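Here the structure is laid out as structure tokens; the discussion comes afterwards.
So, in structure tokens, the structure goes:
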């Protein structure tokens, strides 16, 4: 009940933004899990070409994030969000029409530009919603996106088992493209309503106000913010040995060293999706009172425990016990996901101002994408060389050390997430004075 009460306290605009993001997630949830199957079995491309398209998306995300951050600060939040959504839509259309490795790679790269640029959504939400609601806003948004991705993935999996029609798959990708454009139109309407409401309030900057009319910023100045740099280092480690491994190192380890198969892995991912929603419901009213260092320490510790539980699964002889331990591992991982969703975006936006919010979020998004790119390469090499056990225990050790460092470090603010606004702005001012 407390969780529902907390969510009801969000402004109506915040709840509408969460729903809009869910529209995107539902469409992507249907098609993304089927991408490699579609390219390989429906389009006749090799597995190398099909997985290469996925890799091209990661490269595009690394490029798209910084570009979108610049556009967001120079031209406004809405143009940046629109650019990201249009790129994602073009990528989906490209997949619907591609029939060669080159066109598949091009579609993957263009869609990656949109994936990387999507980080500016956080900047838009931070502009439209008061600061005191950010921890709950970002937590609820993450839970809704995960739920819709999970539902979409379930629907896509059922559909894949029912038909092998190329036309059906093409229509799905085109519908996904349409969902991006519909979301963009609805976002533009939402911001126009915000601007109309703000016209009577003097001195407020609208999300559509071009940054050319605001103080100049740059990535060099953004990276001069010591708290942000500390957070980026922590996030890079978390994504490399933690988040990115949920869909790479963990399945590889279980398939190689345990008796769990693809069906059981499907159960584990379903458990993770459900756990994210339930954990968010429990934490949503409490996370605001936790300091950044404690939240990140608990996050790293939970993912260290996750790896130890996955290692334990590989030592069991399969059966129900192994599956239950695996489910427990996914629930523990969901705790870390929920902490990250509330902490990372809240910290980043509390340290930013209107002139650099896009770049702050883009820096965070770039490091996240880098971790998602490097992590699977590391785990892939280790599992291919037969070092699965060393990988699991090594990742757990890295995360445990990170938990201790973040808990004791003074490189992050010791203020509860609900009271970061003044602290973050004071730090920004200090950095500007030193510059």
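Numbering (our numbering), first residue to last: 122 to 556. Even for Gly, the Cβ is constructed at its ideal location relative to N, Cα and C. Owing to the predicted nature of the structure, the values given are computational and were not obtained by experimental measurement.
Counting along the chain, the unbroken alpha helix (DSSP H) around residue 401 starts and ends at 383–404. In the three-state DSSP reduction, residue 221 falls in the coil class, being neither helix nor strand. Sixteen is the threshold: since fewer than 16 other Cβ atoms of the shown chains lie within 10 Å of the Cβ of residue 377, the residue is exposed. Shortest Cα-Cα distance from residue 141 to any of 240, 179, 262 and 244 involves 262. Membership of residue 246 in the alpha helix (DSSP H) is indicated by the continuous run 241–249.
Judged by DSSP in its simplified three-state form, residue 412 adopts strand. By a beta-carbon distance limit of 8 Å, residue 482 does not contact residue 271. Their separation comes to about 25 Å. In the structure shown, residue 129 adopts helical secondary structure according to DSSP, grouped into three states.
Within the same chain, Cβ atoms closer than 6 Å to the Cβ of residue 209 are found at 232, 235 and 301, the five residues on either side in sequence being excluded. Contact between the region 520–536 and the region 338–358 is present: three or more C-beta pairs spanning the two stretches fall below 8 Å. A distance below 8 Å between beta-carbons, with the five flanking residues on each side excluded, links residue 156 to the following residues of its chain, in chain order: 171, 174, 175 and 216. Taken atom to atom, the span from the alpha-carbon of residue 264 to that of residue 530 is near 29 Å.
Remark: C-beta atoms of residue 152 and residue 293 approach each other more closely than 7 Å. The three-state secondary structure of residue 285, taken from DSSP, is coil. In the DSSP assignment, residue 505 falls within the unbroken alpha helix (DSSP H) covering 478–505. With respect to the 7 Å criterion, residue 143 and residue 269 are classified as neighbours on the basis of their beta carbons. The shortest CA-to-CA distance from residue 475 to any of 218, 359, 243 and 147 is the one to 243.
In this structure, residue 400 sits near residue 456, with a CB-CB distance shorter than 7 Å.
Spatial neighbours of residue 439 in its own chain (CB-CB distance under 8 Å, excluding positions within 5 residues in sequence) are listed in chain order as 379, 380 and 381.
Sequence-distant partners of residue 369 (beyond 5 residues in either direction) whose C-beta falls short of 8 Å from its own C-beta, in its chain, are 496, 497, 500 and 501. Per DSSP, reduced to three states, the secondary structure at residue 164 is coil, with no helix or strand assignment.
For residue 378, the enclosing alpha helix (DSSP H) starts and ends at 370–378. Under the DSSP assignment, residue 466 falls in the alpha helix (DSSP H) whose first and last residues are 440–472. Counting the other CB atoms within 10 Å of its CB gives residue 508 a total below 16, which places it among the exposed residues. Ranked by how close their Cα comes to the Cα of residue 212, the residues 149, 479, 241 and 528 have 149 in first place. Selection 237, 253, 394 and 367 evaluated against residue 471 yields 253 as nearest (Cα-Cα). Look at residue 532 here: in three-state DSSP terms it is coil, with no helix or strand label. For residue 364, no alpha helix (DSSP H) run applies, since DSSP gives it neither H nor E.
Comparing alpha-carbon positions, the option among 182, 513, 169 and 393 lying closest to residue 373 turns out to be 513. Close CB contacts of residue 297 within its chain, under the 6 Å cut and outside five residues either way in sequence, are with 148, 152 and 213 (chain order).
In this structure, 448 is the residue among 220, 448, 418 and 363 with its C-alpha nearest to the C-alpha of residue 396. Taking C-beta atoms as the reference points, residue 360 and residue 492 count as a pair closer than 7 Å. Under the DSSP assignment, residue 340 falls in the alpha helix (DSSP H) whose first and last residues are 340–343.
Residue 206 is positioned such that its CB atom lies closer than 7 Å to that of residue 305. The three-state reading of DSSP puts residue 197 in coil, since its state is none of H, G, I, E or B.
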